[in-house]
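Undergrad:
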Amino acid sequence: MQFFTHYFLHLLFPLFISLVFFRPRWIKAYLILLATMIIDMDHLLASPIFSANRCSIGFHPLHTSYAALVYAAGLLLPKWIRIVAIGLLLHLLTDLIDCLWMYQSCRECIANQQVAQLLDWFSW
Ligand SMILES: [Zn+2]
0 MQFFTHYFLH LLFPLFISLV FFRPRWIKAY LILLATMIID MDHLLASPIF SANRCSIGFH
60 PLHTSYAALV YAAGLLLPKW IRIVAIGLLL HLLTDLIDCL WMYQSCRECI ANQQVAQLLD
120 WFSW
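In structure tokens form, the structure reads like this:
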């Protein structure tokens with residue numbers, strides 16, 4: 000279920016957003032939304048690059064709350080930048096949902112990470 004939700008939000012939900020909100024140029028909007036996944040390149044700065052129980056939110060530079068503020072400011076800018084901002088914020092939301100799932104199954108795994116307090120606030 001976590002895998003399905005993750006890829007649905009990364010690949011199919013942007014298609015839905017493109018078709019509903021950017022109908023005349025939905026293909027261009029969809030490609031821009033997909034291109035925002037490039038922020039995952041910041042994972043290459045981490046060592047190790049992949050760690051199964053690491054939450055990317057609050058860890059990687061383009062996945063921090065400061066970055067989210069910059070992306071949110073992009074919502075106020077002209078249309079194509081707004082589409083990029085929507086894609087970046089959706090990406091962070093998708094990763095946050097992933098972290099929440101991770102946190103539910105192994106709280107100790109994330110307990111020492113910066114995002115733990117935020118996940119505590121969201122978790123049930
Ligand atoms: Zn990510």
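To convert, note that position 67 of the sequence shown is 66 in numbering that gives the first Met the number 0; the numbers rise steadily by one, no gaps. Positions of the beta carbon are idealized from the N, C-alpha and C atoms, including for glycine.
#1: Compare the Cα-Cα distances from residue 4 to each of 97, 91, 59 and report the closest residue.
#2: Could you tell me the distance, in whole angstroms, from the CA atom of residue 109 to the CA atom of residue 68?
#3: Please report how far the alpha carbon of residue 10 lies from the alpha carbon of residue 91, in whole angstroms.
#4: What did DSSP end up calling residue 112 once you bin it into helix, strand or coil?
#5: Express the C-alpha separation of residue 81 and residue 57 in angstroms, rounding to a whole number.
#6: In the DSSP assignment, find the alpha helix (DSSP H) that holds residue 54 and state where it starts and stops.
#7: Between which two residues does the alpha helix (DSSP H) holding residue 74 run?
#8: Apart from the five residues just before and just after residue 1, which ones in its own chain have a Cβ nearer than 6 Å to its Cβ?
#9: Would you tell me roughly how many angstroms separate the C-alpha atoms of residue 78 and residue 84, rounded to the nearest one?
#10: For the alpha helix (DSSP H) that contains residue 16, what are its first and last residues?
#11: Would you kindly work out how many angstroms separate the C-alpha atoms of residue 105 and residue 120, rounded to a whole number?
#12: For residue 59, which option in 112, 7, 19 has the closest C-alpha, if you only look at C-alpha atoms?
#13: With the cut-off set at 9 Å, would you say residue 34 and residue 73 are in Cβ contact?
TA: Checking against the coordinates, here is how it stands:
#1: For the purposes of this step, residue 4 is taken as the residue at position 5 of the sequence shown. Checking every option, the nearest Cα to that of residue 4 belongs to 97.
#2: Taking the first residue of the sequence shown as 1, we reach residue 109 at position 110. Taking the first residue of the sequence shown as 1, we reach residue 68 at position 69. About 23 Å.
#3: The count along the sequence shown starts at 1 and reaches residue 10 at position 11. The count along the sequence shown starts at 1 and reaches residue 91 at position 92. So the alpha carbons of these two residues sit roughly 14 Å apart.
#4: Position 113 of the sequence shown, counted from the first residue, corresponds to residue 112. Residue 112: coil per DSSP, three-state reduction.
#5: Taking the sequence shown and counting its residues from 1, one reaches residue 57 at position 58. Taking the sequence shown and counting its residues from 1, one reaches residue 81 at position 82. So the two alpha carbons sit approximately 23 Å from each other.
#6: Here residue 54 corresponds to residue number 55 of the sequence shown, with the count starting at 1. Neither: residue 54 is in no alpha helix (DSSP H) and is coded neither H nor E.
#7: As a position in the sequence shown, residue 74 is number 75, starting the count at 1. Segment: none, residue 74 is in no alpha helix (DSSP H) and carries neither H nor E.
#8: Numbered from its first residue, the sequence shown carries residue 1 at position 2. If we look at residue 1 and ignore the five residues flanking it on each side, its Cβ neighbours are 100.
#9: One-based indexing of the sequence shown puts residue 78 at position 79. One-based indexing of the sequence shown puts residue 84 at position 85. For residue 78 and residue 84, the distance between alpha carbons rounds to 10 Å.
#10: The count along the sequence shown starts at 1 and reaches residue 16 at position 17. 12 to 20 is the span of the alpha helix (DSSP H), which, as asked, contains residue 16.
#11: Here residue 105 refers to the residue found at position 106 of the sequence shown. Here residue 120 refers to the residue found at position 121 of the sequence shown. Taking the straight line from one Cα to the other gives about 16 Å.
#12: Along the sequence shown, one-based indexing puts residue 59 at 60. Answer by Cα proximity: 112.
#13: The sequence position of residue 34 within the sequence shown is 35, counting from 1. The sequence position of residue 73 within the sequence shown is 74, counting from 1. Cβ distance not < 9 Å, so residue 34 and residue 73 don't count as in contact.
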